[in-house]
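For reference, the structure discussed in these notes is given below.
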Amino acid sequence: MDPFELITHYYPIDSEGYRILVTHSRSVADKALAIARNHPEMALDTQFIEEAAMLHDIGMFLCNAPEIGCFGDVEYICHGYLGAELVEKAGYPRHALVCERHTGTGLSLETILGRNLPIPHRDMQPISLEEQLICFADKFFSKTKLDKERSIDKAIRSLERYGQDGVERFKYWCKLFLG
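With the working numbering, the residue at position 154 of the sequence shown is 268, and numbering never jumps.
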């Protein structure tokens, strides 16, 4: 599949949203692919990783986040599951799971309910190694500082406000993918 066919269906090529989405997603894909190449023993599906990493944030245009060129009417936390719906509708259910499960280090049903998040009440944590790797790589890049990769410490600090579970999961991924 060509992720750009789906991206250009929702994002005009000359839009700020397109520029931010594609630049950010390319950074995430490149980091995930570099890590995958360093771990042949994991037998990761690199074609899927590249495609899904390019699509993981496709739902952001539906959200109200003008600082990243998105002028929708829902909270940004919704971009994952809304993107998953778009990707699933296009016929890519496995890619859709990456969209749904990449927010933070994944969202448990307990977290969704406990924080009263405006998203469907189901577990949204990455399961496959490919899902985990894309979610991990995403934590090193923001959509507001496109030219800069975060250090491990900065990535951890960006997760701390959401609770210790996410920090611990990220540290586990550091050992799994970088250690």
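All C-beta atoms in this analysis are idealised placements derived from N, C-alpha and C, irrespective of residue type, glycine included. Remember, predicted model here, so these are calculated numbers, not experimental data.
Cα-Cα separation, residue i to residue j
i: F185; j: G131; result: 9 Å
i: Q246; j: W287; result: 8 Å
i: F175; j: A210; result: 16 Å
i: F284; j: Y190; result: 21 Å
i: G173; j: V142; result: 16 Å
Bridge-paired residues (DSSP) for residue i
i: A179; result: C184
i: G280; result: Answer by DSSP bridge pairing: none, since G280 is not bridged.
i: E263; result: F255
i: G220; result: G218
i: M115; result: The partner list for M115 (beta bridge, DSSP) is empty, contrary to what the question assumes.
i: M238; result: L221
Continuous alpha helix (DSSP H) stretch holding residue i: start and end
i: Y190; result: First-last for Y190: undefined, no H or E at that position.
i: D128; result: Where D128 is concerned, there is no enclosing alpha helix (DSSP H), given that its DSSP letter is neither H nor E.
i: M168; result: 160 to 169
Check: residue i C-beta below 6 Å from any heavy atom of the ligand NAD
i: E119; result: No copy of the ligand NAD appears in this structure; indeed no ligand is present at all.
Nearest to residue i (by Cα), restricted to the options the options
i: V188; options: E181, C177, I182; result: C177
i: E263; options: T122, P232, S139, I226; result: S139
Report task. Could you tell me whether the region 205 to 220 touches the region 164 to 172, where touching means 3 or more Cβ pairs closer than 8 Å? Result -> yes
Query raised in the report: So does the region 214 to 229 actually touch the region 188 to 200, counting three or more Cβ pairs closer than 8 Å?
Result: yes
Query raised in the report: Counting pairs of beta carbons, one from the region 120 to 127 and one from the region 220 to 229, are three or more of them closer than 8 Å?
Result: Judged by pairs of C-beta atoms under 8 Å, the region 120 to 127 does not touch the region 220 to 229, as fewer than three such pairs exist.
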